Every structure is written in C-alpha cells, then in structure tokens.
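Step one of this worksheet: look at the structure below.
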Amino acid sequence: MTNRRTFLKTIGAASVAAPFFARNLHAAQPSRVLRHASFGSAGMARSDIEALTSNPFVKLVAVADVDLSRAAKLKETFPDIRIYQDWRQLLDKEQGNIDSVNVSTPDHMHGPIAYSAMQLGKHCYCQKPLAHDLFETRALTKIAREKKLVTQMGIQIHSYKVYRQAVALVQSGAIGKVKEVHTWSSKKWGDLGAPPATNDPVPSELNWDLWLGTAATRPYVKGYFHPSNWRKRLDFGTGTFGDMGCHIFDPVFEALALTAPISLRAEGPAPDKWNWAINANIRYIFPGTKFTEGKTVPVTWYDGDARPPADIMALVKPAAGSEAPTAKSKSADARKAKADNDNQGSIIIGTAGVLHIPHVAAPKLFPVEKFKDYTMPQPEQGHHWTIWAEACINGGKPGADFDYSGPLTESVLLGSVAVRFPQTTLEWNSAKLQFGNEKAANQYLRRTYRKGWEIAGL
368 MTNRRTFLKT IGAASVAAPF FARNLHAAQP SRVLRHASFG SAGMARSDIE
418 ALTSNPFVKL VAVADVDLSR AAKLKETFPD IRIYQDWRQL LDKEQGNIDS
468 VNVSTPDHMH GPIAYSAMQL GKHCYCQKPL AHDLFETRAL TKIAREKKLV
518 TQMGIQIHSY KVYRQAVALV QSGAIGKVKE VHTWSSKKWG DLGAPPATND
568 PVPSELNWDL WLGTAATRPY VKGYFHPSNW RKRLDFGTGT FGDMGCHIFD
618 PVFEALALTA PISLRAEGPA PDKWNWAINA NIRYIFPGTK FTEGKTVPVT
668 WYDGDARPPA DIMALVKPAA GSEAPTAKSK SADARKAKAD NDNQGSIIIG
718 TAGVLHIPHV AAPKLFPVEK FKDYTMPQPE QGHHWTIWAE ACINGGKPGA
768 DFDYSGPLTE SVLLGSVAVR FPQTTLEWNS AKLQFGNEKA ANQYLRRTYR
818 KGWEIAGL
C-alpha cells in the first residue's frame, strides 16, 4: 500500500507542472491517444469504460478497484491493463502514463479520488453526484477551473436529444414563462434502522479497509454495503436524491438557467443515524431568471411513493383518445424507458402551457389540443463520453463540465441536508457556503475524513 505521506508529497510536487500538462493536451497530441485510467471496474464503472473506449483514440491503461474479483473480469476484455487495489497507488505509479481518469466509485470516494487526480493535472470524468458533500463539490469545481482541466459529470442524458429538446422547448417560450416545477423519482434508496449486529468474513478478493476509505471503520456485513446497497447508507451514498436528482434536475436546471437556491424546506421523513429515508418532499426556492414568471421560482422534489399533488399530475394526463405532442427518439435508452407519469420525471408549469419531461424519454406538451400541430425542435443526439474525450485532446468545454454540474450537484445535495431538518425552512448563502438561519445544518456540509485518509485541500 502506498505510504500516505509519500503520496501526498507526490501530489504536491506534480501539481506544480499541471498547467503545462493541460495546455499541451489542449493543443492535441499528434498520436491522438488519450491514455486513460478508471477508478472502479464494474457496474457504472464498466459502462463508463466501455463507452469511453468505444472511441479508438482512448486507451485504457490502468484500473483501480478494491474488489479484485471485479477487476479480473474487466481484464478478460482489456488484457493489457495494469490493475491496482489501492487508488492512491495507481496515481503514484501511473501519473506519468495517464492523461485522464473516470471516477465511478461509491459516492463517498468521488471527492478524494477526483481531487487527487486533478491535483496531478488529469482530466476528469466523474459519476454523479459529483461528490458526497457540498464542500467537496465546491472544491472539485474550483480546482477544475484553476487547472483548466476538461471535466464532465456522468449525467449522460444531458447530451441526449430528448433532454436537449426539453431545454429548447422551455427556452424558446413554448410554454411561456415558468411558474413552478415538480420533479420526482420512484426509486427507494432508503432503509431506516440499525445495521445488523454481525461481523461477517470479508471476501478474500475485497480490501474492506480500502472500500471504507475516508469513512469510519466498521464491521463488514455481507450484502449490506457492497456492491450496491451503500446508496442507502448516510456515510457512503446520498439516497434517492443523490442517485437520481442530478439526472432529473438536469434539464430543469439548464432550461431555466437556475443558480443556487435561496431557501429550501423538507416535509418528508428524516434519516436516522445510519440510513437515508424515502418518500422525500423538498421544496426549493430559486431566484427567478429570464425564463420564469416571477422574482423567484419554486421547484419541488418527491421520491419513493411521494408524488406531486393530484391536480398537478392531472395536467399531464391526456384525455381518452388523445395523445400529447412528443418528439420521437431512436435512442436505445429512450425505447426502454418507462414514460408513464408515475415513474420518474418533471412537470414544468408555464403561463402558456405545461411541459412533461419523462426521464430518458421524449418531452410532451399540454394541453394536447393546443399543441397538436406544434413543431418540435430537433437538436442532435450527443455521446456524452465522446464529447468529453474529444475535448480532452482537442480542447473545448463539455456541456456537463464542473462549472455546470458543480452548482447542479450542490443544489441536489442541499436536499440531503434539508431532510435532516423536517418542517424547517433553511436559508442558503451560496457565496459563503453556509446556512444563515439554522447553524446546526452547517455540520453536514463537510465530512471529517478518517485519520490517515486526509487529502490536502479537502
């Protein structure tokens, strides 16, 4: 295992040369090869790897995964990759051999890994949410800008035609000025109650200490954390909101050109000491923009079994025999998506109509009769990973870079703080990164890392 002091010293020395590295890469390498490393090898990490390496100019050089059984499966497809179990060792040994990374681990390690890689001048593709807490998110946004790195958050539908259509419809004024928004996900990443009082044997392929990373030490419980139920746990995941909020808020955030909210209030259940709850109901108040009706605009989130009020849902249910105008999409994700009103998506209510944005499906305009002859915008379909990879070599600014996805993630993660204070309006000061009226909430903006896992700057 890499000595922490050596690793941090290496990070500090290498960061001095990072601006020169970034300028060289922006000028395009003659070989057009992007030497790439992945943190994570299965699940979403495997999807990211396959999407990135579908570009012939992207070469996967190295992978770090705390579970070597998962990495072994990846090596069957990429036999030349070098495998590490400790992500710090990968950065220490491979920093001269890689140009870019993707961070596709559990949420609690996004910030430490991405920040460390960017300190070394590596371009970064990071899965959503950008980090586990707001302080980390702000730090990632800042270092990406300072080092002029090419970044992208893994909200791939941002580049899809269907989400681009939704943005275009709002910004073209199809539904007039926006009065309010309701957005939801039916997922249930919550699980109240104490962890099982067991201490199961750790699989031989898994380094449990590395999996815990910055989090406090605790016993291994089979199936409770690894490989996927970590999303339910306070110390590792960010609940349904963190999992899906960055996706579903995305077209709303972009379409309305939203910035940081002024305040927010949660009405649903609170988490306990260990786990996130479900059935959240969080009402944000954002400053108004040129696309909204008033000086402020409310955006309300619901998850689990919670849904917008019946009268709001009724706005996007066409009468029998009629069908809402929709834009056709040929994407595989769109074909597979459940586009019904009760699954996942958003309702944007304007002064001249209503827009329904099903998650990963074509947007629909209401009332049907008014928009039956409406000509839908036809933006191009984009490949989220290719957009980023090409920008790493040729320069450019991907649509979901950290300048955009950082503030988006901050807004989402504010909801994860609000649910801890039910029936309390939290007043948010984005410039100071703090709550003005509820000081107790500020403790949830930044974590204390486990001793020996501190990262300079975080």
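By the working numbering, the letter at position 368 of the sequence shown is numbered 735, and the numbering carries on one by one without gaps. Using N, Cα and C, we set each Cβ at its ideal position, and we do this for glycine too. As the structure is a prediction and not an experimental result, all values here were calculated from the model.
Proximity winner among the options, relative to residue i (alpha-carbon distances)
i, options, result
"A677", "V664, G407 and I714", "I714"
"S471", "L516, A404 and K514", "A404"
"A826", "K544, E572 and E417", "Residue coverage of the chain in this structure runs from 368 to 825, which leaves residue 826 outside it and unanswerable."
"P594", "D434, S797, A767 and V784", "D434"
"G720", "R531, F406, T659 and K554", "T659"
"Y492", "K514, A823 and W752", "W752"
"A823", "I450, A506 and K657", "A506"
"G635", "R674, D617, C613 and W641", "R674"
"R531", "I615, W795 and Y482", "I615"
"E461", "F445, G488, D576 and Y591", "G488"
"V735", "W643, H726, L722 and K657", "L722"
"I785", "P586, N804, V683 and K737", "Rather than Ile, the amino acid found at residue 785 in this sequence is Ala. Considering only alpha carbons, the answer is N804."
"H490", "V517, A412, N464 and P586", "V517"
Rounded straight-line distance, which links the Cα of residue j to that of residue i
i, j, result
"R650", "P665", "7 angstroms"
"A808", "F802", "7 angstroms"
"L392", "V428", "Below a pLDDT of 50, predicted positions are generally treated as unreliable, and L392, at 33, falls in that range; the measurement from the model is reported next regardless. Those two C-alpha atoms are separated by around 17 angstroms."
"S526", "D432", "28 angstroms"
"L601", "A498", "13 angstroms"
"D567", "I524", "39 angstroms"
"I645", "R399", "46 angstroms"
"E757", "A583", "39 angstroms"
"F445", "L419", "13 angstroms"
"E621", "P586", "42 angstroms"
"K799", "A627", "12 angstroms"
Contact set for residue i: own chain, Cβ-Cβ below 6 angstroms, skip 5 residues either direction
i, result
"G604", "D474, W597 and R598"
"E777", "L501 and T504"
"K662", "G655"
"F406", "A431, W454, V470, T472 and I480"
"M476", "G580"
"T565", "V588"
Buried versus exposed call for residue i [16 or more other C-beta atoms within 10 Å across all chains shown]
i, result
"Q810", "exposed"
"A439", "exposed"
"D447", "exposed"
"Q519", "buried"
"T815", "exposed"
"G557", "buried"
"A533", "buried"
"N796", "exposed"
"V383", "Here the model assigns V383 a pLDDT of 30, short of 50, so the residue's position is not dependable and the matter cannot be decided."
8 angstroms Cβ shell around residue i - same chain, five flanking residues per side excluded
i, result
"V619", "V548, T550, L625, V666, S713, I715 and I724"
"N782", "Note on residue identity: the sequence assigns Gly, not Asn, to residue 782. Closer than 8 angstroms at the Cβ level, and outside the excluded window around G782, lie F608, G612, L631, A633, A647, I649, Y651 and W668."
"W820", "R371, P479, G580 and T581"
"P746", "K528, R531, Q532 and A535"
"I465", "R402, H403, A404, V428, A429 and K489"
Contacting residues, own chain, Cβ-Cβ under 7 angstroms from residue i (five flanking each side not counted)
i, result
"H750", "S526"
"P496", "D474, T605, G609, C613, T776, V779 and L780"
"D770", "T508 and R512"
(request) Report yes or no: do the segment 781-800 and the segment 449-456 share at least 3 C-beta pairs separated by less than 8 angstroms? (result) no
(request) Indicate whether the contact test is met: 3 or more Cβ pairs, each with one atom in the segment 414-428 and one in the segment 568-581, closer than 8 angstroms. (result) The segment 414-428 is not in contact with the segment 568-581.
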